[in-house]
Amino acid sequence: MIRLLLAFALAIALSGGAQPAGAQVTQRNILARKYSQSAFSEALIPLDQWAPYPKTPEEWRSKTDPAELAKIIKAGEEALEKPIPMVTASLLLDFTRSGDRERHAAASFGRRNQLMSLVLAEAVEGKDRFMEAILNSVWAICEETYWGVPAHLSVQKAKNGLPDVQDPTVDLFGAETAGVLALTDYFLGAKLDKMSPLIRPRIYFETNKKIFEPLKDAKRYGWLSTTNPVNNWNPWIVSNLLIADLLLEKDAQKRSDNAYQYMVFLDRYFNSLGDDGGCDEGPSYWFAAGASAYDALAILESATSGKINIYDNDLIRKMAAYVYKVHIANDYFVNFADADPKLKPDGLMLYRFGKAVQDPELTALGEWAYGQFGAITGGNGYQRPRKVWNLLTTSELKPDQSKTYKQVAQSWLSDIEVLTARSDNGLYLATHAGHNAESHNHNDVGDFIVYADGEPVIVDAGRGNYTARTFSSKRYELWFTQSKYHNLPVINGFGQPAGKQFNARNVKSNISEKEVSLAMDIAPAYPQEAGIQKWNRLVKLNRSKNAVEISDDYTLKQKPDSLQQIFMTVCKVDTGTPGKIILTTSGKKTVSLTYDPKTWTVSTELPSTEGMEYNSFKTKWDGNPVTRIVLTSKALKPKGKHIFIITKS
């Protein structure tokens, strides 16, 4: 479980590779321009009158599916049997000593997961049998010097290593911890007071010291930048800041001032989006980015009786719509950059978000996902306020496996330059242009993926396990970040470097009834040493022929020493027939990739799965190995055209 959580969550916005340096920031300031501080303060419901969640077992039973409540209690019972994990100095130093992030995370996240499971179980049952364990968990967390993870200590003056108690800083998981303790205080405050009148003041003291006060120096945090784009860190943290402040802060003026400031912080995420509302981090990160922005907006809406509400804003609606524009089929989503190819979408959240922005397609996706994958609730994982609202939504929406929704036939996201399309015979294409300084960047300008009947055929392999190397100067030593391990040409031995200057030019999308295509010149994505004058790539879904066509028209400065085209797949590969590569999916469907055998020779290899960065490739893609298909040119010419065609057999 911890490894899966890390695979989704551990994004680092403070070090190399995570921030799209120099990208566009549009000073929309949607919230700040619509709501003044005085108007916000006037709209804010006082602490003693705001009750966003049930306060009694009776209220829980009246508002929640009984089956979900039974799961909550069972999870609490399981947590009750576990000891509180130790968080030692050695675990904190593990990151700098070995590069490993998971051993510390197992203990730190384990504490918070156990506490939240215990809290929810006690809240819905109300028999006091979880209280002693809750007391000890709360106290143990309050005793911690630092609530975040060691990989995020670089913002402190002492940099990485042990946390400096004299220099508290805020990261994703510090904010998450504040949210957990705030919900604990809300649900069980009176019971904690009976155990000791010092517990709740300690919760507030530690949250104020570790979170609220350090945020006053906003300039030190990259995720609060007003001039550079920010990623999922911003809305993810802000949603937790809001719930912590609004539930814990008893000083009415400070509570209002903090909440308004955190709302203004959220504008910085909206300012970072292009007008298309697309998430350049990919769909799995959208659930921590756009979805967390919705979490924050839902908290603001609840805490002001609906007076703070921007759901009718076109950017917010486009941000919401992004997620269904990049859904492939079942639990597969488009996974450029560090995004994961498979995820269980949170149907209840999508349903609520769809209703909020009045988007029937998003609502339908939510109903379908809830029917297929069930409710995402409980104490494990992140975005706890979201999961509590999910619990309450189970009384409104019942899971129905027969639910369907109309999948998007094609989409063009013009700012992040991502195109998706599907054919009537089950082929799915996604491709993109862009640049090589996107959030969670891979060097992959011009890459594409192909699915057949919902199964992966030509893939973006995805990323491995996060370690110290992942977000360091050595990031692009990892094979899965390199263009040489994406569906791209390797020219004179060169792949694409990192940097915003390595981009596509002359990008043009075309969408019609007969075809959907993306044309681009990817020459600027390669270094000068590659010797490219132009490399015009056309990636097309030809609906008339039910085929995906990849056409390259290139001019080099001189005859190349070598020229290769890479295809990445998780299918079984048969290269026995010259000019045709047969790809067989897990579901036994066959797809043909045709090429000119007079021009190309073909070979295959298996990228490494050894080492801590690559462990996840042993289980990713349902255990199917990633295969690298290498086509090597026999016709080394300074100018040329070639085409590859992918069809269902």
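Here full-length UniProt numbering is used: position 11 in the sequence shown is 11, and no number is missing along the way.
Built from N, CA and C at the ideal position, the CB exists for glycine as well.
Exposure of D561, with buried meaning 16 or more beta-carbon neighbours within 10 Å
The sequence position of residue 561 within the sequence shown is 561, counting from 1. Per the 10 Å Cβ criterion, exposed.
The alpha helix (DSSP H) enclosing G576, as first and last residue numbers
By one-based count along the sequence shown, residue 576 stands at place 576. Counting along the chain, G576 falls outside any alpha helix (DSSP H), though it belongs to the beta strand (DSSP E) covering K572 to T577.
Between which two residues does the alpha helix (DSSP H) holding D193 run?
Here residue 193 is taken as the residue at index 193 of the sequence shown, counted from 1. Counting along the chain, the alpha helix (DSSP H) containing D193 begins and ends at L172 to M195.
Residues near I511 by beta carbon distance below 7 Å, same chain, minus five either side
For the purposes of this step, residue 511 is identified with residue 511 of the sequence shown, where counting begins at 1. Once the five neighbours on either side are set aside, the close Cβ partners of I511 are Q410 and W412.
Run of the alpha helix (DSSP H) containing M263, from where it starts to where it stops:
Here the question's residue 263 lines up with position 263 in the sequence shown. Its alpha helix (DSSP H) spans residues A252 to S272.
Going by C-alpha to C-alpha distance, which of A175, G290, L478 and R97 sits closest to V323?
Against the sequence shown, residue 323 aligns to sequence position 323. When C-alpha distances from V323 are compared across A175, G290, L478 and R97, the shortest belongs to G290.
Please state if the CB of D267 and the CB of Q383 are separated by a distance shorter than 8 Å.
Here residue 383 corresponds to residue number 383 of the sequence shown, with the count starting at 1. Here residue 267 corresponds to residue number 267 of the sequence shown, with the count starting at 1. Contact flag unset, no.
Fully enclosed by the segment 51 to 123, which alpha helix (DSSP H) runs are 4 residues long or longer?
57 to 63, 66 to 80 and 89 to 98
Can you have a look at T377 and say buried or exposed, based on whether 16 or more other CB atoms are within 10 angstroms of its CB?
Within the sequence shown, the letter at position 377 stands for residue 377. Buried, by the Cβ-count rule.
Identify the continuous beta strand (DSSP E) that holds D553 and give its terminal residues.
As a first step, residue 553 is located in the sequence shown; it is residue number 553 there, counting from the start. Note, D553: beta strand (DSSP E), A547 to L556.
Tell me the DSSP bridge mates of R220?
Stepping through the sequence shown from its first residue, residue 220 is reached at position 220. Paired residues: none, contrary to the question.
Inspect the beta-carbon positions of T569 and I458 and report whether they are closer than 8 Å.
What you label residue 569 is simply residue 569 of the sequence shown in a count that begins at 1. What you label residue 458 is simply residue 458 of the sequence shown in a count that begins at 1. Their beta carbons are under 8 Å apart, which means T569 touches I458 by this criterion.
Going by other Cβ atoms of all chains shown within 10 Å of its Cβ, with 16 needed for buried, is D171 buried or exposed?
Position 171 of the sequence shown, counted from the first residue, corresponds to residue 171. D171 is buried by the Cβ-count criterion.
For A364, the first and last residue of its enclosing alpha helix (DSSP H):
Indexing the sequence shown from 1 puts residue 364 at position 364. P360 to F373 is the extent of the alpha helix (DSSP H) around A364.
Take the Cβ of L247 as the centre, count every other Cβ of all protein chains shown within 10 Å, and call the residue buried at 16 or more, exposed below.
The residue given as residue 247 occupies position 247 in the sequence shown. Taking all protein chains in view, the Cβ of L247 is crowded by 16 or more other Cβ atoms within 10 Å, so the residue is classified as buried.
Put residue 651 into one of helix, strand or coil per three-state DSSP.
Outside the displayed span of the chain (1 to 649) sits residue 651, for which this structure offers no information.
DSSP state of L563 mapped onto helix, strand, coil
Within the sequence shown, residue 563 is the residue found at index 563, counting from 1. Strand.
CB contact flag (R422, V357, <8 Å):
If you number the sequence shown from 1, residue 422 lands on position 422. If you number the sequence shown from 1, residue 357 lands on position 357. Cβ distance not < 8 Å, so R422 and V357 don't count as in contact.
Can you tell me which of the three DSSP states L478 falls into?
If you number the sequence shown from 1, residue 478 lands on position 478. Coil.
If you run the structure through DSSP and keep just helix, strand and coil, what is M568?
Against the sequence shown, residue 568 aligns to sequence position 568. Here M568 sits in strand by DSSP.
The ligand NAP heavy atom lying under 7 Å from the CB of Y405:
What this structure holds is no ligand at all, so the ligand NAP is not there to describe.
How would you write the range of the beta strand (DSSP E) that R352 sits in, first residue to last?
On the sequence shown, position 352 is the one that residue 352 refers to. Here R352 belongs to no beta strand (DSSP E); instead the alpha helix (DSSP H) covers G347 to V357.
Could you check what DSSP says for N506 in three-state terms: helix, strand or coil?
Position 506 of the sequence shown, counting from 1, holds the residue named residue 506. N506 falls in the strand class under three-state DSSP.
Have a look at H327, G426, K588 and P168 and flag the residue whose alpha-carbon is nearest the alpha-carbon of N542.
In the sequence shown, counting from the first residue as 1, residue 542 sits at position 542. Nearest option by C-alpha distance: G426.
What does DSSP give as the partner residues of W535 in its beta bridges?
In the sequence shown, the residue the question calls residue 535 occupies position 535. According to DSSP, W535 bridges with Y554.
With burial defined as no fewer than 16 other Cβ atoms inside 10 Å of the residue's Cβ, what is the status of A21: buried or exposed?
Taking the first residue of the sequence shown as position 1, residue 21 is located at position 21. Per-residue confidence for A21 stands at a pLDDT of 35, beneath the threshold of 50, marking its modelled position as unreliable; no derived number is given.
Can you name, in chain order, every residue of its own chain whose Cβ lies under 8 Å from the Cβ of H104, other than the five neighbours on each side?
Stepping through the sequence shown from its first residue, residue 104 is reached at position 104. Hits under 8 Å: V87, L91, L92, D94, F95, V149 and P150.
Where does E455 sit, in a helix, a strand or coil, going by DSSP?
Here the question's residue 455 lines up with position 455 in the sequence shown. DSSP places E455 in strand when its eight states are reduced to three.
Suppose the cutoff is 8 Å on Cβ atoms and the five residues either side in sequence are ignored; what does the same chain contact list for K355 look like?
Residue numbering aside, residue 355 sits at position 355 when the sequence shown is read from its first letter. Once the five neighbours on either side are set aside, the close Cβ partners of K355 are T363.
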